[in-house]
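Below: one structure, written as structure tokens.
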Amino acid sequence: MCKTLIFGLLAGLSNLAAADTVYYLDLINTAASNVVSFEVALPGSELFRSVLPGGAPLHGGGESATVTIHKGEDGCLRDLRIGFADGHVLMHRDFNICRGVSYHTERYLRQGILAAKATRP
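Numbering follows our numbering, in which position 25 of the sequence shown is assigned residue number 25; successive positions increment by one, without gaps.
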């Protein structure tokens, strides 16, 4: 009985530790246009939340910021949505936050991971 209780407590603590795991991602805007939004969601979800620090634009040409992403119990994969001042939206599905330590916007723009270019009225 005592062993079962201890095992249960240890299993609960390991789940708590996983829920508190935080990953830091260096967002480097190597694109020409300013980044105006950087959002994260669980894979396949449309429930994006902003993680761009300060909410200020990240200027093109190399300005960088560190974003904080919580791992939780949902694994390492996240969908990223990056909005640019020129109307482009970069959608990156299944980005591995456990392995990626930096994200260079121009690299993924060149690979053609564009979701759409927003239409302006």
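We put the CB at the ideal spot given by N, CA and C, even for glycine.
Does the beta-carbon of serine 33 have 16 or more other beta-carbons within 10 angstroms, so that it is buried, or is it exposed?
-> Within the sequence shown, the letter at position 33 stands for residue 33. Residue burial annotation: serine 33 is buried, with at least 16 other C-beta atoms found within 10 angstroms of its C-beta.
Test item: CB-CB of tyrosine 108 and histidine 88 under 7 Å = Counting from one through the sequence shown, the residue named residue 108 turns up at place 108. Counting from one through the sequence shown, the residue named residue 88 turns up at place 88. No, the pair does not count as a contact, with Cβ atoms beyond the cut-off.
Which partner residues of arginine 49 appear in the DSSP bridge assignment?
-> Here residue 49 is taken as the residue at index 49 of the sequence shown, counted from 1. For arginine 49, which the question treats as bridged, DSSP gives the partners Val40.
So what does DSSP say about threonine 30, is it helix, strand or coil?
-> Here residue 30 refers to the residue found at position 30 when the sequence shown is read from its first residue. Of the three classes helix, strand and coil, the one that applies to threonine 30 here is coil, per DSSP.
Measure the C-alpha to C-alpha separation of aspartate 86 and proline 53 and round it to an integer number of angstroms.
-> Stepping through the sequence shown from its first residue, residue 86 is reached at position 86. Stepping through the sequence shown from its first residue, residue 53 is reached at position 53. Looking at the two C-alpha atoms, the distance is approximately 20 Å.
What are the residues that DSSP puts in a beta bridge with arginine 78?
-> Numbered from 1 along the sequence shown, position 78 holds the residue referred to as residue 78. In DSSP, arginine 78 forms a bridge with Phe95.
Just the Cα atoms here: how many angstroms apart are aspartate 79 and phenylalanine 48?
-> Against the sequence shown, residue 79 aligns to sequence position 79. Against the sequence shown, residue 48 aligns to sequence position 48. C-alpha separation (whole angstroms): 8 Å.
DSSP state of glutamate 106 mapped onto helix, strand, coil | On the sequence shown, residue 106 is found 106 positions in, with the first residue counted as 1. Helix, per DSSP.
What does DSSP give as the partner residues of histidine 59 in its beta bridges?
-> Counted from its first residue, the sequence shown places residue 59 at position 59. Assignment of beta-bridge partners to histidine 59 by DSSP yields no partner.
Whether alanine 56 touches glutamate 106 by CB criterion (7 Å) | The residue you call residue 56 lines up with position 56 of the sequence shown. The residue you call residue 106 lines up with position 106 of the sequence shown. It is not a contact, given that the beta carbons lie outside the stated cut-off.
Enumerate in chain order the residues of its own chain whose CB-to-CB distance from valine 22 is below 8 Å, with the five nearest sequence positions on each side excluded.
-> The sequence position of residue 22 within the sequence shown is 22, counting from 1. The residues are Thr68, Ile69, His70 and Lys71.
Pull up the DSSP beta-bridge partners for threonine 68, would you.
-> Within the sequence shown, residue 68 is the residue found at index 68, counting from 1. By DSSP's assignment, threonine 68 forms a beta bridge with Tyr24.
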